[in-house]
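Student: Below: one structure in structure tokens.
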Amino acid sequence: MNKRLESLTIERMSELLGTSDGLSDNIFLSKDISVLTNVEAIAVRLVQTGQPFRLPDFRCGFVRSGSVRARINLLEHTVRQGCIGFLTPGTIIQPIEVSPDFHLCGMAISPEMLHLALRGSLPSIFNGSRMDGRVMVEADDLNQIAQLLQLVRKNLNSQDDRRQVVLHLTAAYLHLFDRLFAAESDARQQSPSNGRRIFDRFIYLVNNHCKQEHQMKFYADSLCLTERYLGTVVRQVSGVTAKEWIDRAIVASAKVLLKHDTLSTVQIADELNFPNVSFFCKFFKRLTGCTPLEYRRQ
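The sequence shown lines up with residues 4 to 301 when you count with our numbering.
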């Protein structure tokens, strides 16, 4: 069994990129902050594995060309040229398909570095209300983001000590993302959809609590709704039942543990709050068509 690996760490990114020192003209990888101007190689490799993975840090980036189809926190999205996006720690992502011309640029930053750069004052996109987000932006805004990212990368690659410069440029980069997402949020609020807001909050809760909470009652109570009403809203908005969303999240968590952890099946069943391993195995096979052991051996 492989060494415990529950997330796409910097070391794993270096391995996928084929670089041992984590540094090149277009790449800078370190424990606290990483900048990549093209992550096509990583995306292609992850599509080939077919496995979901969990992010340990904050990530902000943009698609310069092409597109990627991925499952992000249970929901499937196609992200295209001109789109910017952010992901927060704990996000589960599984790339499904990448176009031949896919080109993504972005930054990964540890929670500690983010707080240091922003001096503890987090922008609204990182205040915990959303785990991820995407929005299309104008060409001028995209160019400004690209220029800031290049400046961060150049100063990181410098032989001089430019820590303060990097911190200020990183803060500017993150605040620009926040401004663009704030504009998108304002536009959405002009035509509010109560059902959509309930669904988004439901998915957020499922992603954060599915390991321990498997029943609708917990989510309905958290939202101050009846189970029946929550189920109706979720089905109307997404076309999928609330229980199916919960089951999908549990399966995604189980897959991460089975592929990237040394825990036994019995321990995973306990980690995911199943009454016993038999119940977990039957649940997993019903949802995936194979047993946990068969999935682990694939």
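Beta carbons: idealized from backbone N, C-alpha and C, even for Gly. Just so we're clear, the structure is a prediction, and the values are computed from it rather than from any experiment.
1. Comparing alpha-carbon positions, which option in Leu177, Thr268, Phe61 and Gly136 lies nearest Val302?
2. Give me the Cα-Cα distance between Ile107 and Gly136, rounded to the nearest whole angstrom.
3. Classify Val38 as buried or exposed, calling it buried when 16 or more other Cβ atoms lie within 10 Å of its own Cβ.
4. Would you kindly work out how many angstroms separate the C-alpha atoms of Lys285 and Pro278, rounded to a whole number?
5. Once you ignore the five residues that flank Val237 on each side, which residues in its own chain have a CB closer than 8 Å to its CB?
6. Taking DSSP as the reference, what is the three-state secondary structure of Phe286?
7. Note the first and the last residue of the continuous alpha helix (DSSP H) segment covering His212.
8. Determine the DSSP secondary structure at His171, reduced to helix, strand or coil.
9. Going along the chain, which residues of its own chain have a beta-carbon closer than 7 Å to the beta-carbon of Ala223, five neighbours each way excluded?
10. Could you check the C-alpha separation between Ala120 and Pro295 for me, to the nearest Å?
11. What first and last residue would you give for the beta strand (DSSP E) that runs through Val82?
12. I need the straight-line Cα distance from Phe89 to Arg74, nearest angstrom please.
13. Starting from the C-beta of Asn41, find all residues in its chain whose C-beta is less than 6 Å away, skip the five residues before and the five after it, and write them out in chain order.
Tutor: Reading from the atomic positions:
1. Absent from the structure is residue 302, since the part of the chain shown begins at 4 and ends at 301.
2. Correcting the residue identity first, residue 107 is Leu in this sequence and not Ile. When rounded, the distance between both Cα atoms is 15 Å.
3. buried
4. 12 Å
5. Ile201, Phe202, Phe205, Val243, Thr244, Ala245 and Trp248
6. helix
7. Asn197 to His212
8. helix
9. Thr229, Glu230 and Leu233
10. 42 Å
11. Leu78 to Arg83
12. 14 Å
13. His106
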